[in-house]
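Here is the structure we will look at.
Number of protein chains: 2
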Amino acid sequence: MKIKKEVTIYDLAKELNYSPSTISRALNNHKSISKKTIKLIKEAAEGMGYRPNNLAAGLRNNKSNTIGVLISRINRPFMASLISGIEETARKAGYNVLISQSNDMYENEVSNCNALYDSRITGLIVSLSMETVDMAHFQKFIDQGIPIVFVDRVPDNFNSYKVVIDNYTAGYSATKHLIDQGCTRIAHFAGAQHRNIYEERKKGYLDALRESGLPIRDELIIHFKTLSFEEGNKATKKLLKMPEPPDGIFSANDTAAVSAIMCAKKMGVEVPQELAVIGFNDDPIASIMQPSLSTVSHPASKMGAISAKRILNHSGQNYDADLTEITVLGTEIIVRDSSLRRARLLRSKTS
Amino acid sequence: MKIKKEVTIYDLAKELNYSPSTISRALNNHKSISKKTIKLIKEAAEGMGYRPNNLAAGLRNNKSNTIGVLISRINRPFMASLISGIEETARKAGYNVLISQSNDMYENEVSNCNALYDSRITGLIVSLSMETVDMAHFQKFIDQGIPIVFVDRVPDNFNSYKVVIDNYTAGYSATKHLIDQGCTRIAHFAGAQHRNIYEERKKGYLDALRESGLPIRDELIIHFKTLSFEEGNKATKKLLKMPEPPDGIFSANDTAAVSAIMCAKKMGVEVPQELAVIGFNDDPIASIMQPSLSTVSHPASKMGAISAKRILNHSGQNYDADLTEITVLGTEIIVRDSSLRRARLLRSKTS
DNA sequence: TAAATATACGCAATCGATTCCGTTAATTAT
DNA sequence: ATAATTAACGGAATCGATTGCGTATATTTA
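Put into structure tokens, the structure is as follows:
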């Protein structure tokens, strides 16, 4: 199989008797090239099958019109939607998207970070791995004026753009909802506390209890490593075997919440009557499973779009590391069957 | 914020009194450079914060160590797992991954195709959009010797690497399973028939019926456009209102199967006793919902890994368009509650 | 009509890494 | 001890697009 020679602006220049400069300017709609010439050149480019070489342009301009994405895992509903939002926004602006996943390991995050840097990305969108504490691997981007947008799992000791949800309020509202449903012994499935989103959710949980005059019982607060299905299963089993088991669970994610419900069912514990459950994320599962899972919905795709826009808007202006714009998005408590104990009661009240 | 100057091999050359050629060779472990010099140069590079510029290297070599991915949508469980498999394999080999989604529109597929080409990707992994018929936009990759791997939704009129599952057998087995469970009026939710995966699944369905001597009833074969939840809902409602409703459904994806089950429940139709359902894909929902959904499992992540490996292996050798290696992976029928009518009967038979 | 300005384009350097040819010095073979 | 290798490195062109500066022609202004 012979490889065809690629058409470059030099080929176009020779063919049309123009200089490469003129070809380049014409293809970029430069104002000093006449409309007629631009049309002529563009048509010839199309006809000869010319395709720009991003590598060459990128080298010259020292950037690649590419947004780098650094997340923990792609195949999580939230992350997939986030990426989808990023890709859609970037694509519309003519940007490409490079992805990489850390699998929640610090070491991978660092090496992926370097790989993305080596590709001279225009900006970086990051959701931190579970392990990450040290932030030094991001410094080189700042030094080069490459914008970083932290999404969802953000650092609190690093100045940069951030796009987050109000985890505190969400945690507070979710817990308050359970209290409103008559729960008095509410357990919490907490995530790794050095990741601020989990810390905030827990704070919200604690404050909701305090405000309602409910005691805080340490034995009802379970600290998870990864909030996995297995972990959730184990934790639920343990909780339900306690002499005074909880009558409600606020889980920091849906996966663990689902496992709690399934475990409860297996153990013959009625949901929501004996155990009300609310999760976090509004994964697709939540609305399908039975009983359907109450949860906190996350505008994942929108967060992706906003993050991408941050980077797109950034280009042109000089990067000011002191200017840290933080976007905080609202969440929504989605009440479904897994926590709805007082449906009729509430309805009769309002009517 | 001042931008630090980047360190290049020229800076290293000046600092260490070597030529740029030597620096480059040392960093690439070229055999004509002494071990001692390599160590010296690498340490200095590390110390001075040198980072290679992929754009420059890519321009010179006319490739970017990047794999391009062109799929319909990222936030589908199957696709997210596919990408995850691709990314993991590519990353290990030092390759980056560029992603783009067509949202199942031909026009987007073409423009994304061009965008990826412009970035001089090393290889392309594609799952076709629902709309795609014309394949001309892929020709330029072939002309340049850039390998293309089609995954899952593959063309049948284009020579290239392909990674697929045996959709015919899967469709046959799924239908056979329903027949074994005593179903005699089995409906099929079919996908767009110009996408071969759906065509094959339907063929398997038809042959299973024929082989068992069951009649093929056109009114029980519903042709979907996108196999969405809404479409599934509508179709199920219609089917169940028929004078002689089906007693089984084989859906070409899980989403529509889930909608069928939920619709049946709403209409008071018992699953699986009155209506047995089997889906396709083994989405996370399948095992969680109630009744749990029988389905065909798809080795998504593995398909991604294999696709990436195809491209990695390809480099070096000359591309031979006549050599079209097709990888066919097996599937597994996952029997869960939604189709299990004869559980006890079967068990007593085997024991 | 001469001067001033605008229009439309060309020249050549540049981005950073790679690699084909050398060249020099060190080692081995005879 | 001299020729023949080998090892270790340098020079300079190259990849393709961009852009500051320069120039010739056309157009406008006074």
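In order, the protein sequences belong to chains H and B. Just so you know, we're using the working numbering here: the first sequence kicks off at 103 and counts up by one. Just so you know, we're using the working numbering here: the second sequence kicks off at 103 and counts up by one. Even glycine gets a Cβ: it sits at the ideal position worked out from N, Cα and C.
I need the DSSP call for residue i, collapsed to helix, strand or coil.
i, result
"H:GLN203", "strand"
"H:GLU233", "coil"
"H:TYR197", "coil"
"B:ALA192", "helix"
"B:VAL212", "helix"
"H:VAL360", "helix"
"B:ILE227", "strand"
"B:ILE143", "helix"
"B:ILE176", "coil"
Closest Cβ-Cβ distance between residue i and chain B: below 7 angstroms?
i, result
"H:GLY247", "yes"
"H:ILE169", "no"
"H:ILE73", "Residue 73 of chain H is absent from the model: chain H starts at 103 and stops at 453."
"H:LYS106", "yes"
"H:ASN130", "no"
"H:GLN375", "no"
"H:SER186", "yes"
"H:ALA158", "yes"
"H:ASN163", "no"
"H:GLN203", "yes"
"H:LEU200", "yes"
"H:ILE380", "no"
"H:ILE143", "no"
Between residue i and chain H, is any beta-carbon pair separated by less than 7 angstroms?
i, result
"B:SER221", "yes"
"B:GLU153", "Reading off the sequence, residue 153 of chain B comes out as Arg, not Glu. Taking Cβ atoms only, chain H reaches closer than 7 angstroms to B:ARG153, which makes this a yes."
"B:VAL360", "yes"
"B:GLY149", "no"
"B:SER183", "yes"
"B:SER453", "The pLDDT assigned to B:SER453 is 31, lower than 50, so where the model puts this residue is not dependable; a value taken from the coordinates is nonetheless given after this. Judged by the 7 angstroms Cβ criterion, B:SER453 is not in contact with chain H."
"B:ASN177", "yes"
"B:THR277", "no"
"B:GLU189", "yes"
"B:ILE125", "no"
"B:ILE351", "no"
Leaving out five residues on either side along the sequence, give the residues of the same chain with a beta carbon under 7 angstroms from the beta carbon of residue i.
i, result
"B:GLU302", "ASN269, TYR270, GLY273"
"H:PRO347", "LEU341"
"B:VAL109", "MET150, GLY151, TYR152"
"B:LYS368", "none"
What residues are listed by DSSP as bridge partners for residue i?
i, result
"H:GLY160", "Answer is none; H:GLY160 lacks a bridge partner."
"H:TYR263", "H:VAL251"
"H:THR429", "H:VAL265"
"B:ASN383", "B:SER399"
"B:PHE291", "B:ILE324, B:SER353"
"H:GLU148", "Its beta-bridge partners do not exist; DSSP assigns none."
"B:GLU434", "B:SER399"
"H:THR168", "H:ASN198"
"H:ALA378", "H:GLY350"
Note down, in chain order, each residue of its chain lying with its Cβ closer than 8 angstroms to the Cβ of residue i, except the 5 sequence neighbours on either side.
i, result
"H:THR191", "GLY406, ALA407, ALA410, LYS411, LEU414"
"H:GLY196", "ASN167"
"H:ASN259", "MET237"
"B:SER121", "ALA115"
"B:LYS141", "none"
Please work out which residues of its chain come closer than 6 angstroms, Cβ to Cβ, to residue i, disregarding the five sequence neighbours upstream and downstream, and give them in chain order.
i, result
"H:ASN383", "PHE180, ASN355, ASP356, HIS400"
"B:ASP113", "none"
"B:ALA388", "ASP356, LEU395, THR397"
"B:LEU118", "ALA146"
"H:ILE324", "PHE291, ALA337"
"H:LEU402", "A quick correction: the sequence has Ala, not Leu, at residue 402 of chain H. Answer for H:ALA402: PHE180, SER183, LEU184, listed in chain order."
"H:VAL437", "SER396"
- Query: Just checking, does the region 111-131 of chain H make contact with the region 206-224 of chain H on the three C-beta pairs under 8 angstroms criterion?
  - Reply: Touching, no, given that fewer than three Cβ pairs across the two stretches are closer than 8 angstroms.
Does the structure place the region 136-146 of chain H close enough to the region 160-175 of chain H that three or more beta carbon pairs sit under 8 angstroms?
Judged by Cβ distances under 8 angstroms, the region 160-175 of chain H makes no contact with the region 136-146 of chain H, as fewer than three pairs qualify.
**Prompt:** At a cut of 8 angstroms, does the region 353-361 of chain B reach the region 325-342 of chain B through at least three beta carbon pairs?
**Reply:** Contact annotation: the region 353-361 of chain B touches the region 325-342 of chain B, with at least three C-beta pairs closer than 8 angstroms.
### Task
Count the CB pairs spanning the region 362-382 of chain H and the region 345-353 of chain H that are closer than 8 angstroms, and state whether there are at least three.
Contact between the region 362-382 of chain H and the region 345-353 of chain H is present, because at least three Cβ pairs lie under 8 angstroms.
Three-pair Cβ contact test at 8 angstroms for the region 375-395 of chain H versus the region 244-258 of chain H = The region 244-258 of chain H and the region 375-395 of chain H do not touch, with fewer than three beta-carbon pairs separated by less than 8 angstroms.
Per the contact definition of three or more C-beta pairs closer than 8 angstroms, is the region 219-239 of chain H in contact with the region 290-306 of chain H? Flag = yes, the region 290-306 of chain H and the region 219-239 of chain H touch.
Problem set entry | Touch test, the region 148-165 of chain H against the region 367-383 of chain H, Cβ-Cβ under 8 angstroms, three pairs minimum | As far as the Cβ criterion goes, the region 148-165 of chain H does not touch the region 367-383 of chain H, which means the pair count is below three.
Any contact of the region 217-224 of chain H with the region 209-227 of chain B, i.e. 3+ C-beta pairs under 8 angstroms?
In short, these stretches do not touch, since the Cβ pair count stays below three.
- Message: Is it the case that the region 310-320 of chain B contacts the region 277-290 of chain B, given that we only count it when at least three CB pairs across the two stretches are under 8 angstroms?
- Response: Yes, the region 277-290 of chain B touches the region 310-320 of chain B.
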